[in-house]
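Chemist: Protein chains in written order, with this note's numbering: chain A, 5 to 276; chain B, 5 to 276. A virtual CB, placed ideally from N, CA and C, is assigned to each residue, including glycine.
1) With a cut-off of 8 Å, does the C-beta of residue 110/B fall near any C-beta of chain A?
2) Please confirm whether residue 56/B has its beta-carbon closer than 8 Å to some beta-carbon of chain A.
3) Mind the definition here: the stretch 61–76 of chain B touches the stretch 25–35 of chain B only if three or more C-beta pairs lie below 8 Å; say whether that holds.
4) Rounded to a whole number of angstroms, what is the C-alpha to C-alpha distance between residue 97/B and residue 258/A?
5) Does residue 175/B come within less than 8 Å of chain A when only Cβ atoms are used?
6) Pair every Cβ in the stretch 63–83 of chain B with every Cβ in the stretch 109–116 of chain B, then say whether three or more of these pairs are closer than 8 Å.
7) According to DSSP, residue 19/B sits in a beta bridge with which residue or residues?
8) CB-CB under 6 Å to residue 263/B, same chain, minus the five flanking residues each way: which ones, in chain order?
9) Using CA coordinates, which residue listed in 82/B, 25/B, 127/B, 223/B is at the minimum distance from residue 214/B?
10) What residues from chain B crowd round residue 100/A, counting only those whose CB sits closer than 7 Å?
11) Determine the chain B residues that contact residue 145/A at a beta-carbon separation under 8 Å, and present them in chain order.
12) Are the stretch 171–179 of chain B and the stretch 127–146 of chain A touching, with three or more C-beta to C-beta distances below 8 Å?
13) If you measure between the beta carbons of residue 21/B and residue 50/B, is that distance less than 8 Å?
14) Verify whether the separation of the beta carbon atoms of residue 26/B and residue 54/B is less than 8 Å.
15) Give me the subset of the stretch 83–95 of chain B whose CB atoms are less than 8 Å from a CB atom of chain A, sorted by chain position.
16) How long is the line joining the alpha carbons of residue 192/A and residue 235/B, rounded to whole angstroms?
17) Using alpha carbons as the reference points, say which of 182/A, 142/A, 95/A, 151/A lies closest to residue 149/B.
18) Does the distance from the C-beta atom of residue 197/A to that of residue 167/A stay below 8 Å?
19) Which chain A residues sit within Cβ distance under 7 Å of residue 81/B?
20) Can you tell me where the beta strand (DSSP E) holding residue 172/B begins and where it ends?
21) Whole-angstrom Cβ separation of residue 161/A and residue 119/A, contact assumed at under 8 Å?
22) Could you name each continuous alpha helix (DSSP H) segment of 4 residues or more that falls completely within the stretch 99–185 of chain B, going from the start of the chain to the end?
23) Three or more beta-carbon pairs under 8 Å between the stretch 75–92 of chain B and the stretch 122–131 of chain B, yes or no?
24) Going by DSSP, which residues form a beta bridge with residue 213/A?
25) Where residue 2/A and residue 140/A are concerned, what is the direct C-alpha to C-alpha distance, given to the nearest angstrom?
26) How is the alpha helix (DSSP H) around residue 81/B delimited, first residue to last?
27) Tell me which residues of the stretch 36–70 of chain B have at least one Cβ-Cβ distance to chain A shorter than 8 Å, keeping chain order.
28) For the alpha helix (DSSP H) that contains residue 252/A, what are its first and last residues?
29) Closer than 7 Å by beta-carbon distance: list the chain B residues that pair up with residue 165/A, in chain order.
30) Could you give the distance in angstroms between the alpha-carbon of residue 103/B and the alpha-carbon of residue 156/A?
31) Starting from residue 12/B and walking both ways along the alpha helix (DSSP H), at which residues does that stretch end?
32) Please confirm whether residue 190/A and residue 14/A have their CB atoms less than 8 Å apart.
33) Closest to residue 159/B by CA distance: which of 211/A, 246/A, 100/A is it?
34) Skipping 5 residues on each side, what residues in its chain have a beta carbon closer than 7 Å to that of residue 240/A?
35) By the criterion of Cβ-Cβ separation under 7 Å, what are the contact partners of residue 107/B in chain A?
36) Could you say which of 72/B, 16/B, 37/B lies nearest to residue 256/B if we only look at CA atoms?
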């Protein structure tokens, strides 16, 4: 499976949230646009509200701490059902109908994403996994045969236990691992806005490029703050680890120019 | 992916029911024995009671007609969650822990098993799929890189809809397709008994071999009857379609000699 990537082949990793893949119309639009993306690619999807709804119908209470789901043994069963079963297979079946050779995966499948249960935090998040290793060679082996991996936000600990893992983190870690095996990786995060906005009230105020230097300025002058700070730090971390470009855009704008492009050094490449 | 199988490599397809994979102790035993099977292999698992239990907890009534689940839109969501999510990923994670490179699949993944919704029957079974095509080349492509496919009893119609498909049928169809691409396929069905019994009251009365000729005798003299008839017809159909051997045994006896061996011509090969 250790297919050498002889040239730096371009590869796009798209991360899309639960909101999109759980909505029939939004999913249909995503599938159309994602299927039309040229070249090597893969999709990482989030979980979303279905898990909360199913849990409620099963009489299981959802506990969120700082925006993160607390995953006890019962909730782990729910997210495994919903993310890897319902959501993942629906996306795969739609992509297949659009002519894409899609393969649904969790981190447990072929051991592609190994994690460990998060411990030592003030809050016990339960069966939540922090990523230890992504097998870029296995993913590359699939991709080089024309397969488009579709990854649910679940990992495993290597000892038989599934773990709930943040989809943004999965996408970054997968992108880094694919960069490490030789791809020229573009990581696309689909957000609710068309990019990082200079003025949150004006969706036309998309900041076209961000690099380390401009990020520091945007943070210092308060243009980016709150939840956008860790997101951008995650993006810059991916860049530092070898991902060529991270784009923040809206799901319906996939494949179109625009969004915010995060790069190692925006000046060198120029604003596009 | 069209890996040519240059020699007739042996390959074992094991089908195991929902009862086994849903029971922690039975699953642990199966994983140990399946992981220890030498050579190329894959697993097809059934669904079982968890879907019925989860459906009941969700307030969805399970309707069975002639031992088959009626799958309306709500039930399709449940079986997709349970078979492809909960059950499949639990099996995959356990196999990975046992050192097997397992990949969970439904028929939708990489379009490996395409089906059509069953119509024109007296009973409307809903979203139940009859298999049209198995992509043996895709499966072979995975297997030849050391991957062990783990298949849930779900297919798709190629137009974005998942379909519920009988696991025995899936196993037979997959075995036939793998025989057609050049493997020397042994298909193992795990039943509740150690094989086909000459005397249902005596588990030591396993009939060691069955072929077309002896099947006709066993049917004529009433030794096999009822639900065992279609099962054996299914086995003989697989043999006629190129599967080298079908074995009926108990899950805990996998890898051991014994069980009932169904072959093209038992006399030629002899009793073993």
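Modeler: Straight from the coordinates:
1) yes
2) no
3) no
4) 33 Å
5) no
6) Here the stretch 63–83 of chain B does not lie against the stretch 109–116 of chain B, with fewer than 3 beta-carbon pairs under 8 Å apart.
7) Answer is 48/B, 193/B.
8) 199, 251, 252, 253
9) 223/B
10) 112, 115, 160, 162
11) The answer, in chain order, is 149.
12) no
13) yes
14) Residue 54/B is positioned such that its CB atom lies closer than 8 Å to that of residue 26/B.
15) Taking 8 Å as the upper bound on Cβ-Cβ separation, chain A lies near residues 84, 85, 86, 87, 88, 89, 90, 92, 93, 94 of the stretch 83–95 of chain B.
16) Going by the C-alpha atoms only, they are around 50 Å apart.
17) 142/A
18) Contact: no.
19) 90
20) Unbroken run through residue 172/B is the alpha helix (DSSP H), 171–184; no beta strand (DSSP E).
21) Going by Cβ atoms, the distance from residue 161/A to residue 119/A rounds to 6 Å, so yes, they are a contact pair.
22) 140–147, 171–184
23) yes
24) Paired residue(s): 265/A.
25) Since the displayed chain A opens at 5 and closes at 276, residue 2/A lies outside it and no answer follows.
26) DSSP places residue 81/B in the uninterrupted alpha helix (DSSP H) bounded by 77–83.
27) 58, 61, 62, 63
28) First-last for residue 252/A: 249–254, but that is the beta strand (DSSP E), not the alpha helix (DSSP H).
29) 97
30) 22 Å
31) No alpha helix (DSSP H) holds residue 12/B; DSSP gives it neither H nor E.
32) yes
33) 100/A
34) 216, 219, 266.
35) 113, 114
36) 37/B
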